[in-house]
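I have placed the structure first, in the form of structure tokens, so that the comments after it can refer back to it.
Residue numbers (this note's numbering): 412 to 549.
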């Protein structure tokens, strides 16, 4: 028998708290659960309504005291190219989610597509460049 364990939080970097809120709260419809400001930067916790056990923490990546200036530059470069972080979400209404995000002027990476491996999905970049894939589920 397996452990009773689930994913509670996933972390994605952000470089603009207001733009991130506009994407995750306004375009995706997530709840803002926490907004912790420290030293002029924000750690934002958001999540889907009705799923209080699942959250995304949007964090300022350069604030970790354990990373070097060179590593900060590398992270910033990767975020700018959209190669630093990825998250996959799921919905029963992929077309509705796509239309809502497209109407919010989010950067479209891929329109809803039936993939050869059996998944129908689309993808966007959030304001920090993170790749957000959305899978359609039954």
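Where is the CB? At the ideal position from N, CA and C, for every residue including glycine.
Per-residue DSSP class, three states only, for residue i
i           : result
residue 449 : strand
residue 515 : coil
residue 485 : helix
residue 472 : helix
residue 458 : strand
residue 546 : strand
Beta strand (DSSP E) segment containing residue i, residue limits
i           : result
residue 532 : 531-536
residue 439 : Note, residue 439: premise wrong, no beta strand (DSSP E); not H, not E.
residue 501 : 497-502
Cα-Cα separation, residue i to residue j
i           : j           : result
residue 482 : residue 493 : 16 Å
residue 513 : residue 519 : 7 Å
residue 432 : residue 414 : 34 Å
residue 435 : residue 423 : 12 Å
residue 412 : residue 418 : 18 Å
residue 439 : residue 445 : 17 Å
residue 475 : residue 441 : 26 Å
residue 538 : residue 454 : 15 Å
residue 502 : residue 429 : 25 Å
residue 460 : residue 516 : 22 Å
residue 530 : residue 505 : 11 Å
Cβ shell of residue i (< 8 Å), same chain only, five flanking positions each side left out
i           : result
residue 522 : 509, 533
DSSP beta-bridge partners of residue i
i           : result
residue 423 : 469
residue 521 : 534
Delimiting residues of the alpha helix (DSSP H) encompassing residue i
i           : result
residue 464 : It is not in any alpha helix (DSSP H) - residue 464 carries neither H nor E in the DSSP assignment.
residue 430 : 428-432
Sequence-distant residues of its chain with Cβ nearer than 6 Å to residue i (five each side left out)
i           : result
residue 549 : none
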